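**Student:** Residue numbering for the sequence shown follows the UniProt record's numbering, starting at 1 and increasing by one per position.
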Amino acid sequence: MQSSEGIGLRPARLLLMLGLSVAAAGCAHKEASLEAAAQALAAELPDWSARGLPGKRSTSYGLASRGGRSCVLAQAEQSASLWRRRLSIAPEALAGLEFSWWLLSAQAEATVTQAERDDAPARLVLAFDGDVRRLSLRTRSLFELMETISGEAPPYATLMYAWDSRGAAAETVVTSSHSDRVRKIVVGSGPAPGRWLDFQRDVRADFERAYGEPPGALIGAALMTDADNTRSRKSACYGDVVFRSAQGEVLPGSLRLRRPAAGETVRLTPGS
């Protein structure tokens, strides 16, 4: 059975990553402006959509440009939410992954290695299908609970590429303390470098290193900037996300952004 994409770190985060579409609590005016920004981005990227967390502020996702590139601007203010899409890429079809981001803030108190400080200025989240019957009874029971609550089945496995603000070593694999079906690979760390960072990854090799088995079908992808655990502000620009075959062909479902209009610049909220 193919499950819908979803990612999780603790019970509340599980609901977020499962894509529970319930509006976050907070100021109605602020939420209305965030929704307007999400709608504008959705018009440009109709296959992508926002997913928020009940009781949490939503991270704002909108179109912008930085350093001559179009980007998805994520602005988190004590908030956590996703910008995600469904995918259906067979495991034998997927080989390479290219993505980029420009970190606009990266407070040192946040780290993906500690549950209580688990925020990141930038994450790329991938959800994979698989045979859930192979999982432990405890995990299957949790999956059933999450599906009952959200109406969406969790993925068999989730792999995150994340920036660690505190300074965890690059290529560190971090297993979530709340679910061993969520594993994170640190692709860089430290303060925001102030430039575009481009990454090329071998998805199959990364998955096998994190989980010790080959990946199943890729069924979802998401961008995520969060600052709820550290009650801080974080922002980042996300560039193209390109999935490639072993022959180098661009696969359907890749995120290809339009070219920036002349004079278009990134706009930040105060204090970002």
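In this text, a Cβ means the ideal position worked out from N, Cα and C, and glycines have one as well.
In this text the structure is predicted, and so the values were computed from the model without any measurement.
According to DSSP, simplified to helix, strand and coil, what is Q200?
**Tutor:** Taking the first residue of the sequence shown as position 1, residue 200 is located at position 200. Correct three-state label for Q200: strand.
**Student:** Roughly how many whole angstroms lie between the Cα atoms of S177 and P121?
**Tutor:** Along the sequence shown, read from residue 1 onward, the residue named residue 177 stands at position 177. Along the sequence shown, read from residue 1 onward, the residue named residue 121 stands at position 121. Computed Cα separation, rounded: 20 Å.
**Student:** Residue ranges of each alpha helix (DSSP H) run of no fewer than 4 residues wholly in the region 121 to 165, ordered along the chain?
**Tutor:** The region 121 to 165 contains these whole alpha helix (DSSP H) runs: 137 to 150.
**Student:** For the region 130 to 139 and the region 76 to 95, state whether three or more C-beta atom pairs, one from each stretch, are separated by less than 8 Å.
**Tutor:** Touching, no, given that fewer than three Cβ pairs across the two stretches are closer than 8 Å.
**Student:** What does E109 pair with, by DSSP beta-bridge criteria?
**Tutor:** Position 109 of the sequence shown, counted from the first residue, corresponds to residue 109. DSSP, once it has assigned bridges, lists no residue as partnering E109.
**Student:** Starting from the N-terminal side, write out each stretch of the beta strand (DSSP E) that is 3 residues or longer and does not extend beyond the region 35 to 85.
**Tutor:** Entirely contained in the region 35 to 85, the beta strand (DSSP E) runs reaching 3 residues are, in chain order, 48 to 51, 60 to 66 and 69 to 77.
**Student:** So which of P215, D228 and G190 has the shortest CA-CA distance to G55?
**Tutor:** Reading the sequence shown from its first residue, position 55 is the one you call residue 55. Of the listed residues, the one whose Cα sits closest to G55 is D228.
**Student:** In terms of DSSP beta bridges, what is F243 paired with?
**Tutor:** Your numbering for residue 243 matches position 243 in the sequence shown. In the DSSP output, where bridge partners are listed per residue, F243 has L97.
**Student:** Evaluate contact between the region 143 to 150 and the region 241 to 250, counting only Cβ atoms and requiring at least three cross-stretch pairs below 8 Å.
**Tutor:** The region 143 to 150 vs the region 241 to 250: no contact.
**Student:** Give the DSSP-derived three-state secondary structure of A222 in the structure shown.
**Tutor:** Within the sequence shown, residue 222 is the residue found at index 222, counting from 1. DSSP places A222 in strand when its eight states are reduced to three.
**Student:** Can you round the beta-carbon distance between D226 and D119 to whole angstroms, since I take them to be within the 8 Å contact cut?
**Tutor:** Here residue 226 refers to the residue found at position 226 when the sequence shown is read from its first residue. Here residue 119 refers to the residue found at position 119 when the sequence shown is read from its first residue. Correct: roughly 5 Å between the Cβ atoms.
**Student:** Using a 10 Å radius around the Cβ and a threshold of 16 neighbouring Cβ atoms, would you call G202 buried or exposed?
**Tutor:** Counting from one through the sequence shown, the residue named residue 202 turns up at place 202. According to the sequence shown, residue 202 is Asp rather than Gly. Its Cβ having fewer than 16 others within 10 Å, D202 is exposed.
**Student:** Determine the extent of the beta strand (DSSP E) in which V250 is found, giving its start and end residues.
**Tutor:** Taking the sequence shown and counting its residues from 1, one reaches residue 250 at position 250. Unbroken run through V250: none, as it is neither H nor E.
**Student:** Apart from the five residues just before and just after A217, which ones in its own chain have a Cβ nearer than 6 Å to its Cβ?
**Tutor:** Translated into positions along the sequence shown, residue 217 becomes position 217. The answer, listed in chain order, is A90, P91 and D129.
**Student:** Can at least three beta-carbon pairs, one atom from the region 161 to 174 and one from the region 185 to 192, be found at a separation below 8 Å?
**Tutor:** A contact exists between the region 161 to 174 and the region 185 to 192.
**Student:** Please look up how many angstroms separate the CB atoms of D206 and L159, rounded, as I've assumed it's under 8 Å.
**Tutor:** Taking the first residue of the sequence shown as position 1, residue 206 is located at position 206. Taking the first residue of the sequence shown as position 1, residue 159 is located at position 159. Contact flag correct, Cβ pair sits at about 7 Å.
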